[in-house]
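Yeah, the sequence shown ends on 302 if you go by my numbering, and it's all consecutive.
Quick reminder that beta carbons are idealized off the backbone N, C-alpha and C, glycines included.
Just so it is clear, the structure is predicted and the values come from calculations on it, not from any experiment.
Here is the structure we will look at.
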Amino acid sequence: MRPIAFRVRDHEFTWDPGRPRALIMGIVNVTPDSFADGGRFLEAEAAYAHALALAAEGADLIDVGAESTRPGSSGISAAEERDRLLPVLERLLREPPCPISVDTSKPDVAEAALALGAHMVNDVTGLAGGPALARVCARHGAGLGLVHMRGTPRTMQEAPHYDDLLGEVREWLAAAVAEAEAAGVAPEAICVDPGVGFGKTVTHNLTLLKRIDALAPLGKPVLVGPSRKSFIGALLGVPPAERLEGTLAACIAAVHAGAQILRVHDVGAVRRAVRVAEAIRDAPDGEDALDPRRSRG
Ligand code: HH2
Numbered sequence: 006m007r008p009i010a011f012r013v014r015d016h017e018f019t020w021d022p023g024r025p026r027a028l029i030m031g032i033v034n035v036t037p038d039s040f041a042d043g044g045r046f047l048e049a050e051a052a053y054a055h056a057l058a059l060a061a062e063g064a065d066l067i068d069v070g071a072e073s074t075r076p077g078s079s080g081i082s083a084a085e086e087r088d089r090l091l092p093v094l095e096r097l098l099r100e101p102p103c104p105i106s107v108d109t110s111k112p113d114v115a116e117a118a119l120a121l122g123a124h125m126v127n128d129v130t131g132l133a134g135g136p137a138l139a140r141v142c143a144r145h146g147a148g149l150g151l152v153h154m155r156g157t158p159r160t161m162q163e164a165p166h167y168d169d170l171l172g173e174v175r176e177w178l179a180a181a182v183a184e185a186e187a188a189g190v191a192p193e194a195i196c197v198d199p200g201v202g203f204g205k206t207v208t209h210n211l212t213l214l215k216r217i218d219a220l221a222p223l224g225k226p227v228l229v230g231p232s233r234k235s236f237i238g239a240l241l242g243v244p245p246a247e248r249l250e251g252t253l254a255a256c257i258a259a260v261h262a263g264a265q266i267l268r269v270h271d272v273g274a275v276r277r278a279v280r281v282a283e284a285i286r287d288a289p290d291g292e293d294a295l296d297p298r299r300s301r302g
């Protein structure tokens, strides 16, 4: 059975086990160099306005990131990350339109963000830097997203290879979950992510999206982030700005495979597409359709 709750500080998300609706996490990158939206929301006011717009489109969570993790990037210092992030968070957390996630793997940055009131940390390295980040989350009662990454952003796309893709990703995430719980993060405050694009070939990404159910034994909500990523570009031969249809297809497939949280740039479009896909998934099948109690609504 899939988890039915995910808690980030004082906010609890729940899923109806009969008709689970995927949560939508809207992306706000305050970076000059993110692959899809770099440089657009560097000013705190612009980032804040964008976050409000995503919330109005139906985002359940907003994920704010200040360090690009696109393939080949080499990272920035904690001081620079804080300088980019904190003005935006200060503005956003004065009147948060929904719970706020911070995309960081640095304990210092997470500490500053959570002290301002952020609700969760989204760690694309899955605690590769050790348990300090998890301890910070535990102290604040914050949520923690653990993402599978093979290598580092600088090296991760150099011929990634797996003998058993699904088993290796699951076991790696299981170890990260155990480390987070040992550091004091509440079991219901953790979600996991197979890490689309983080040390994966196009085929690896497609298999992970198709087989999200392979992560069900971890007992955690599965978050997935296919939005505008390069596997879509590889399939369609289009730049990031023209990857909306590919993103919608990936999100629908992921939801049918069991994804419970979708991290996306195009919140409104994804929400509408996914709601229809969920209604089809949950429609009565076959003879059930003749039962008037089930065929309505
Ligand atoms: N992907 C990116 C960043 N953070 N977090 C989770 N949980 N899952 C993901 O797949 C994921 C993530 C990379 O995408 P983006 O933020 O759009 O670009 P960049 O790293 O260039 O800022």
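DSSP three-state label for residue 302, please. Counted from its first residue, the sequence shown places residue 302 at position 297. Because residue 302 carries a pLDDT of 49, less than 50, the predicted location of this residue cannot be relied on, and the following value inherits that uncertainty. Here residue 302 sits in coil by DSSP.
Below 8 Å, how does it come out for the stretch 25 to 32 and the stretch 252 to 269: are there three or more Cβ pairs, yes or no? Output reads yes: the stretch 252 to 269 touches the stretch 25 to 32.
Quick one: is the Cβ of residue 18 within less than 8 Å of any heavy atom of ligand 1? Walking along the sequence shown from the start, residue 18 turns up at place 13. Residue 18 Cβ: outside cutoff for every heavy atom of ligand 1.
Going straight from the alpha carbon of residue 222 to that of residue 10, what length do you get? As a first step, residue 222 must be located in the sequence shown, where it is residue number 217. As a first step, residue 10 must be located in the sequence shown, where it is residue number 5. Taking C-alpha positions only, residue 222 is separated from residue 10 by approximately 16 Å.
Tell me, please, which residues DSSP counts as bridged to residue 107. Mapped onto the sequence shown, residue 107 falls at position 102. In the DSSP output, where bridge partners are listed per residue, residue 107 has 69 and 126.
Give me the Cα-Cα distance between residue 74 and residue 107, rounded to the nearest whole angstrom. Walking along the sequence shown from the start, residue 74 turns up at place 69. Walking along the sequence shown from the start, residue 107 turns up at place 102. Approximately 14 Å between the Cα atoms of the pair.
Residue 82 versus residue 288 - alpha carbon distance: Along the sequence shown, one-based indexing puts residue 82 at 77. Along the sequence shown, one-based indexing puts residue 288 at 283. Near 50 Å, if we compare the C-alpha coordinates of residue 288 and residue 82.
Is the stretch 81 to 100 close to the stretch 136 to 155, with three or more CB pairs under 8 Å? The stretch 81 to 100 vs the stretch 136 to 155: no contact.
Cutoff 6 Å; reference residue 302; Cβ partners in own chain excluding five residues on either side: Along the sequence shown, read from residue 1 onward, the residue named residue 302 stands at position 297. Reliability fails at residue 302, whose pLDDT of 49 lies under 50, so the model's placement of it is uncertain and the value that follows must be treated cautiously. Correct list: empty, nothing qualifies.
Use the C-beta contact count for residue 89: other C-beta atoms within 10 angstroms, 16 or more gives buried, fewer gives exposed. Along the sequence shown, read from residue 1 onward, the residue named residue 89 stands at position 84. Classification of residue 89: buried, given that the 10 Å Cβ count is 16 or more.
Once you ignore the five residues that flank residue 181 on each side, which residues in its own chain have a CB closer than 6 Å to its CB? To locate residue 181, count along the sequence shown from 1; it is residue 176. Cβ neighbours of residue 181 beyond the five flanking positions: 131, 132 and 151.
Report buried or exposed for residue 202, applying the criterion of at least 16 other Cβ atoms within 10 angstroms of its Cβ. For the purposes of this step, residue 202 is identified with residue 197 of the sequence shown, where counting begins at 1. Label assigned to residue 202: buried.
To the nearest angstrom, report how far apart residue 124 and residue 291 are at their CA atoms. Your numbering for residue 124 matches position 119 in the sequence shown. Your numbering for residue 291 matches position 286 in the sequence shown. About 43 Å.
Does DSSP put residue 251 in a helix, in a strand, or in coil? Within the sequence shown, numbered from 1, the residue matching residue 251 stands at position 246. Taken through DSSP and simplified to helix, strand or coil, residue 251 comes out as helix.
What distance in whole Å lies between the Cβ atoms of residue 36 and residue 60, which are believed to be in contact at a cut-off of 8 Å? Start at 1 with the first residue of the sequence shown, and residue 60 comes out as number 55. Start at 1 with the first residue of the sequence shown, and residue 36 comes out as number 31. The Cβ separation is near 20 Å, so there is no contact.
Does the distance between the C-beta of residue 36 and the nearest non-hydrogen atom of ligand 1 fall short of 8 Å? Residue numbering aside, residue 36 sits at position 31 when the sequence shown is read from its first letter. The answer is yes for residue 36.
For residue 195, name the three-state secondary structure that DSSP assigns. As a first step, residue 195 is located in the sequence shown; it is residue number 190 there, counting from the start. In the three-state reduction of the DSSP assignment, residue 195 falls in the strand class, which pools E and B.
Please confirm whether residue 56 and residue 102 have their CB atoms less than 9 Å apart. Stepping through the sequence shown from its first residue, residue 56 is reached at position 51. Stepping through the sequence shown from its first residue, residue 102 is reached at position 97. Against a cut-off of 9 Å, the Cβ pair of residue 102 and residue 56 comes out as a contact.
For residue 81, list the residues DSSP reports as bridge partners. As a working note, residue 81 is residue 76 in the sequence shown. Residue 81 is not bridged to any residue.
Under 9 Å between C-beta atoms of residue 153 and residue 119: For the purposes of this step, residue 153 is identified with residue 148 of the sequence shown, where counting begins at 1. For the purposes of this step, residue 119 is identified with residue 114 of the sequence shown, where counting begins at 1. Against a cut-off of 9 Å, the Cβ pair of residue 119 and residue 153 comes out as no contact.
Simplified DSSP state of residue 99, which is helix, strand or coil: On the sequence shown, residue 99 is found 94 positions in, with the first residue counted as 1. Residue 99 falls in the helix class under three-state DSSP.
Would you mind stating whether residue 231 and residue 252 have Cβ atoms separated by less than 9 Å? Along the sequence shown, read from residue 1 onward, the residue named residue 231 stands at position 226. Along the sequence shown, read from residue 1 onward, the residue named residue 252 stands at position 247. Taking a C-beta distance under 9 Å as the contact criterion, residue 231 and residue 252 qualify as a contact pair.
Contact set for residue 179: own chain, Cβ-Cβ below 7 Å, skip 5 residues either direction: As a working mapping, residue 179 is identified with position 174 in the sequence shown. Closer than 7 Å at Cβ, skipping near neighbours: 223.
Taking all protein chains shown into account, do 16 or more other C-beta atoms lie within 10 angstroms of the C-beta of residue 93, making it buried, or fewer, making it exposed? On the sequence shown, residue 93 is found 88 positions in, with the first residue counted as 1. Residue 93 counts as buried, since no fewer than 16 other beta carbons sit within 10 angstroms of its beta carbon.
State the start and end residues of the unbroken alpha helix (DSSP H) segment that holds residue 236. Indexing the sequence shown from 1 puts residue 236 at position 231. First-last of the alpha helix (DSSP H) with residue 236: 235 to 241.
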